[in-house]
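Those protein sequences? They're chains A and B, same order as listed.
Per my numbering, the first sequence starts with residue 1, numbered consecutively.
Per my numbering, the second sequence starts with residue 117, numbered consecutively.
Working notes, beginning with the structure itself.
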Amino acid sequence: GAVVSQHPSWVICKSGTSVKIECRSLDFQATTMFWYRQFPKQSLMLMATSNEGSKATYEQGVEKDKFLINHASLTLSTLTVTSAHPEDSSFYICSARDPLSGYEQYFGPGTRLTVT
Amino acid sequence: GQNIDQPTEMTATEGAIVQINCTYQTSGFNGLFWYQQHAGEAPTFLSYNVLDGLEEKGRFSSFLSRSKGYSYLLLKELQMKDSASYLCAVLPPNDYKLSFGAGTTVTVRA
């Protein structure tokens, strides 16, 4: 099946710094990728939809200037958390859609971000 | 808007059967997914239903009734490794954004 990777798998950073998370589709071209955030014991909350070659579409309440998304190629999308604060500590998961495989989304393994 | 409900927690014994219900009230419908998520890991795909009826895949089965806005995931012959969170997600028409329910934590006990 389709494989999606994320890097790093976990990261600890200091408050005020920026962190970049990469999401790659390894064996297919993903025209659309999604970024989710998940707090402990809660479900996935969609943050934004990332489309290759165009601006990301953010969900209501998600600050686009704080969570910068770049989808520069058909296999790579990046999420940069700028000026991170402790409340940004969460599990960030990306998913990618293979346009040749219908509606299924393939999830990356997630990135655990801890801001101290 | 999307409103997707599923029970918060369920506990069952190893070898038993558990049924996780999901009801949805959404503005449009183009299919329902079930995902399994172990703690600290990403969700993994279990099933996708777009037509009414039951689909069986080994120990897991998923059912959909579009007229009732209802689905269930049936886990048979429970194993300890089935302890996880099970997420119900609805796909709207003309879009690929999934709306997730809060998830049901299933605990399998020996």
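We put the CB at the ideal spot given by N, CA and C, even for glycine.
I need the boundaries of the beta strand (DSSP E) containing D121/B, first residue and last residue. 118-121
Using the beta-carbon of each residue, which ones in chain E are nearer than 9 Å to R24/A? Included in the structure are the protein chains A and B, with no chain E among them.
Note down the Cα distance separating F124/A from T80/A, rounded to an integer number of angstroms. What is shown of chain A runs 1 to 116, which leaves residue 124/A out entirely.
According to DSSP, residues forming a beta bridge with F117/A: The structure shown has nothing for residue 117/A, since chain A only spans 1 to 116.
When DSSP labels each residue in this structure, what does E172/B get in the three-state scheme? strand
Is there at least one Cβ from chain A nearer than 8 Å to Y164/B's Cβ? yes
Could you spell out where the beta strand (DSSP E) holding A200/B opens and where it closes? 200-206
Counting beta carbon pairs with one atom in the segment 176-190 of chain B and one in the segment 132-146 of chain B, are three or more of them shorter than 8 Å? yes
What is the C-beta distance between E94/A and W35/A, in whole angstroms, given that I count them as a contact (C-beta under 8 Å)? Note on residue identity: the sequence assigns Cys, not Glu, to residue 94/A. About 5 Å separates the two Cβ atoms, so the contact holds.
Answer with yes or no whether the minimum CB distance from Y212/B to chain A is below 8 Å. yes
What's the C-alpha gap between Q118/B and Y140/B? 7 Å
Paired residues, beta bridge with R182/B - DSSP: According to DSSP, R182/B bridges with nothing at all.
Delimiting residues of the beta strand (DSSP E) encompassing M45/A: 45-51
Between L100/A and the rest of its own chain, which residues show a CB-CB distance below 8 Å, the 5 nearest in sequence each way excluded? F28
Between the segment 55-63 of chain A and the segment 18-32 of chain A, can you find at least three pairs of beta-carbon atoms closer than 8 Å? no
Between the Cα of S89/A and those of L26/A, S5/A, G110/A, spot the shortest distance and give me the residue it belongs to. G110/A
Three-state secondary structure (DSSP) of K20/A: strand
I12/A and Y92/A closer than 8 Å at C-beta: no
What whole-angstrom Cβ distance do F107/A and V19/A have, given they're in contact under 8 Å? About 20 Å; that fails the 8 Å criterion.
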